[in-house]
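Data first, discussion second: the structure below is written as structure tokens.
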Amino acid sequence: MLFLFSISAAQSQTSLESKLEALQCHFTWDLDPSKSILLRRKEKFEDIGTEEGNSWLGHIYNLRGFVQYKLGFTEDAQSFFNKAAEAFSKIRNADEGPWLVVNYGNLAWLHHHLGDQAESQAYLSKVDALMNKYSSPSQDQLHPEIYAEKAWTLMKFSKEHKKEAADYFQRAIRMQPDMVEWNSSYVLGLVGSFRQNKKLKADVLEKMRMAKEQDPENLYLAVHYLHQCAQKGESIEEEARELARKVLKNPVSSYSGIKPLLKVYSYYVSIDEAIDLIEEALKTHPDERYLKRCAALCYKWKILYFSDSRPKPSVIDRAISLHEEVIALYPHSFLMKKIELANIYAKLNYGQAEAEQIYQELLESDLEPADKQMLYNSYAIHLHLHCRDYQRSIQYHMKVAAIPHQFSHRWNSITTLKKIRDRGRSHMCREIEEFLENLQEP
């Protein structure tokens, strides 16, 4: 009898797990990065903000809940999943709907992992009820609400998923074209995808213009549209200043548009006005770490890209102190900021020793392959530009290329090595030639 009960229990468990695997939610979307990447995503998603009225608030909470679960914080995960359900209820002005399918799926998985199979089964039943009540407009496809959340999640989680996210957004929009925020996010995901293709770039610009007309309150979209217009050679100074006044009134968030606006200011208005703008924002919100991060970026641009002569000591001091503060505020996203701090020091006549010390500390740290590529590539450029150590620079470009992960830093280093080989001036040309011939593609 006990034997039969054990078989029945095992079959029941297998049945539950197969139902869980069939769900459409964060737990089944192959979101499985390393712990260090998860910790960085956690910091990034915290900056999105959770102000009332954000149409993606439910999706934000769902995503943050999943990240907390992956990091082992199950209570926080459950809290975020519950907040997601509340946010959907407020935004959609309804207690239930197809937008809860992903949320209930997440909760079914969470309770399964917590060992509460009865609660897991209860959420599976809720998913079934929603799927039966709110069937997809197209029989062979998921409900558009599911496609939209999957698209948004993939887009936020990794640049590698951009094309997949665009496809899911298109499917959702085809079935439910009245969802303005879906179209805005779809178009924003296309920005930068077709830099080399003028025809496709013009097509994206037209899509952005139409999305902006449909979604006039979306300042993040408005800033990106302005940036595209500026790249075409249009005069945008007055529009940029008008947008700045609106952005500064918005709650602080990586969705507010402040970061892309600062980029527009820096390149198409003036870097000094960009710095004035972010300092004004910091006066209003002195403790907001995201604004400090944006400020550090502006001062880096000022010193590295926009200074013909040596910057004023006050500018240098502010840049260094901001970078040090941001490194402390984002303990898991330190690599890029430490590299930027090293590059700021390297630009100063007295800062070479500090720059080298930062790089040596980073070179000794335990990093992911993609992070190693970024570090080695940056160090190779540093050795070439600031140390005139051309041989070691080449060696570090080779180190980047030898890591079999296809990221932009690898492409940059391989391109640099090919240029050095083709110029034929380096005594390492033959070594570079042999290295490139034997290079394994990822």
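If you count the sequence shown from 1, position 295 lands on 295 in the UniProt record's numbering, and the numbers rise without skipping. Each residue gets a CB set at the ideal place from its N, CA and C atoms; glycine is no exception.
Rounded to whole angstroms, what's the CA-CA distance from residue i to residue j? Just pull it up for me.
i      : j      : result
Lys201 : His161 : 20 Å
Tyr330 : Leu39  : 10 Å
Arg293 : Asp371 : 20 Å
Glu434 : Gly189 : 39 Å
Leu23  : Val102 : 8 Å
Tyr299 : Lys159 : 26 Å
Asn438 : Ile394 : 16 Å
Leu31  : Ala118 : 26 Å
Val315 : Tyr305 : 14 Å
Ser365 : Leu335 : 10 Å
Phe27  : Gln121 : 16 Å
Ser266 : Glu242 : 16 Å
Ile271 : Leu16  : 58 Å
Glu238 : Arg388 : 43 Å
Asp116 : Phe73  : 16 Å
Asp203 : Val191 : 11 Å
By the 10 Å Cβ neighbour count, where 16 or more other Cβ atoms means buried, how is residue i classified, buried or exposed?
i           : result
Gly233      : exposed
Asp287      : exposed
Arg209      : exposed
Asn132      : exposed
residue 446 : Since the first and last residues shown for the chain are 1 and 442, residue 446 lies out of range.
Pro404      : exposed
Glu363      : As written in the sequence, residue 363 is Leu, which differs from the Glu given in the question. Label assigned to Leu363: exposed.
Thr415      : exposed
Thr284      : exposed
Ala9        : At Ala9 the pLDDT is 49, less than 50, meaning the model places this residue with poor confidence; the figure from the coordinates comes in the next sentence. So Ala9 ends up on the exposed side.
Ser317      : Looking at the sequence provided, one finds Asp at residue 317 rather than Ser. By the neighbour-count rule (16 or more Cβ atoms within 10 Å), Asp317 is not buried but exposed.
Pro442      : exposed
Ala84       : buried
Arg430      : exposed
Tyr104      : buried
Phe3        : Confidence is the limiting factor: at Phe3 the pLDDT is only 44, short of 50, which leaves the residue's position unreliable and the question unanswerable from this model.
Ala129      : exposed
His111      : buried
His113      : exposed
Ala244      : buried
Ser6        : At Ser6, the pLDDT of 46 sits below 50, so the modelled position is not reliable; the number obtained from the coordinates is stated separately. Result: exposed.
Met1        : At Met1 the pLDDT is 49, less than 50, meaning the model places this residue with poor confidence; the figure from the coordinates comes in the next sentence. Under this definition Met1 is an exposed residue.
Asp215      : buried
Using CA atoms only, rank isn't needed, just tell me which of the options is closest to residue i.
i      : options                        : result
Ile420 : Leu23, Trp56, Lys156, Ile432   : Ile432
Met175 : Asp30, Ser138, Lys302          : Ser138
Arg392 : Ser365, Ala402, Met428         : Met428
Arg310 : Leu335, Asn349, Arg289, Lys292 : Asn349
Lys156 : Gln121, Asp30, Ile381, Ile60   : Ile60
Asn384 : Leu367, Ser413, Gln406, Phe66  : Strictly speaking, residue 384 in this sequence is His, with Asn absent from that position. If we check each option's Cα against that of His384, Ser413 comes out closest.
Glu340 : Ala240, Ile303, Gln440         : Ile303
Lys19  : Gln68, Val127, Met374          : Val127
Glu86  : Ser55, Asn218, Trp182, Arg245  : Ser55
Asp167 : Tyr186, Asp178, Met179, Gln440 : Tyr186
Ala353 : Gln373, Leu335, His382         : His382
Ser408 : Gly115, Ser378, Glu237         : Ser378
Tyr290 : Phe27, Gly49, Lys35            : Gly49
Met255 : Val269, Tyr220, His227         : Reading the sequence as shown, one finds Tyr at residue 255 and not Met. Nearest option by C-alpha distance: Tyr220.
Gln373 : Leu57, Lys70, Lys399           : Lys399
Val67  : Asp272, Ala319, Lys35          : Lys35
Asp422 : Leu436, Glu206, Val252         : Leu436
Asn106 : His397, Trp29, Cys25, Lys70    : Cys25
Asn218 : Ile236, Lys199, Asn250, Gln231 : Asn250
Ends of the alpha helix (DSSP H) at residue i?
i           : result
Arg289      : 289 to 305
Met336      : 334 to 347
residue 443 : With the chain represented from 1 up to 442, any question about residue 443 goes unanswered, as that position is not in the structure.
Leu219      : 219 to 231
Ile403      : Premise fails: Ile403 is in no alpha helix (DSSP H) and is neither H nor E.
Ile358      : 352 to 363
Pro369      : 369 to 385
Residue i CB to nearest chain B CB: under 8 Å?
i     : result
Gly72 : The structure shown has no chain B; it contains just one protein chain.
Legend entry - Cβ contact (3+ pairs, closer than 8 Å) linking the stretch 272 to 283 and the stretch 75 to 95: no
Legend entry - Validate contact between the stretch 337 to 347 and the stretch 355 to 366 using beta carbons, cut 8 Å, 3 pairs: yes
Legend entry - Three or more C-beta pairs below 8 Å linking the stretch 324 to 339 and the stretch 38 to 55: yes
Inset, instruction - Would you check if the stretch 91 to 100 and the stretch 133 to 152 touch, i.e. whether three or more CB-CB distances between them fall below 8 Å? - result: In short, these stretches touch, since the Cβ pair count reaches three.
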